[in-house]
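1 is the number of the first residue of the sequence shown in my numbering; add one for each residue after it. Just so it is clear, CB atoms sit at the ideal spot from N, CA and C, and this is done for glycine as well. Quantities reported herein were computed from a predicted structural model and do not represent experimental measurements. Notes to accompany the following structure.
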Amino acid sequence: MSKKEEKRIFEGLITESLPNAMFRVLLDKDNRVILGCISGKIRRGSIRILPGDRVKIELSQYDNARGRIIFRLPPKKPSEN
Numbered sequence: 001m002s003k004k005e006e007k008r009i010f011e012g013l014i015t016e017s018l019p020n021a022m023f024r025v026l027l028d029k030d031n032r033v034i035l036g037c038i039s040g041k042i043r044r045g046s047i048r049i050l051p052g053d054r055v056k057i058e059l060s061q062y063d064n065a066r067g068r069i070i071f072r073l074p075p076k077k078p079s080e081n
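Listed below in structure tokens is the structure:
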């Protein structure tokens, strides 16, 4: 195992916005809701995260109920027929 702590990255959907830049995130993989906070780069970049946005969230191996939002995925464009 490397010196760095092993991180697991999942994709999810923001379901609720909470105070202090915390969010409830519904994970795509196993349909559970976890608590997520914003990473420093997103905070410094003034990236807005709203309910309904898709994000990448990083979970620690020690606590599966909390994570850090590391990326906001671009919205899907409707396909033209």
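Please report how far the alpha carbon of residue i lies from the alpha carbon of residue j, in whole angstroms.
i          : j          : result
residue 72 : residue 55 : 4 Å
residue 1  : residue 8  : Low confidence applies to residue 1: its pLDDT is 48, below 50, so where it sits in the model is not reliable, and the reading given next is rough at best. Distance between the alpha carbons of residue 1 and residue 8 is about 14 Å.
residue 22 : residue 69 : 9 Å
residue 75 : residue 28 : 16 Å
residue 15 : residue 52 : 6 Å
residue 6  : residue 62 : 10 Å
residue 78 : residue 66 : 32 Å
residue 34 : residue 10 : 11 Å
Within 10 angstroms of the Cβ of residue i, are there 16 or more other Cβ atoms? Answer buried if so, exposed if not.
i          : result
residue 42 : buried
residue 12 : buried
residue 30 : exposed
residue 45 : exposed
Do residue i and residue j have their CB atoms nearer than 8 Å?
i          : j          : result
residue 17 : residue 50 : yes
residue 25 : residue 36 : yes
Hey, out of the options, whose CA is closest to residue i's CA?
i          : options   : result
residue 57 : 38, 47, 6 : 38
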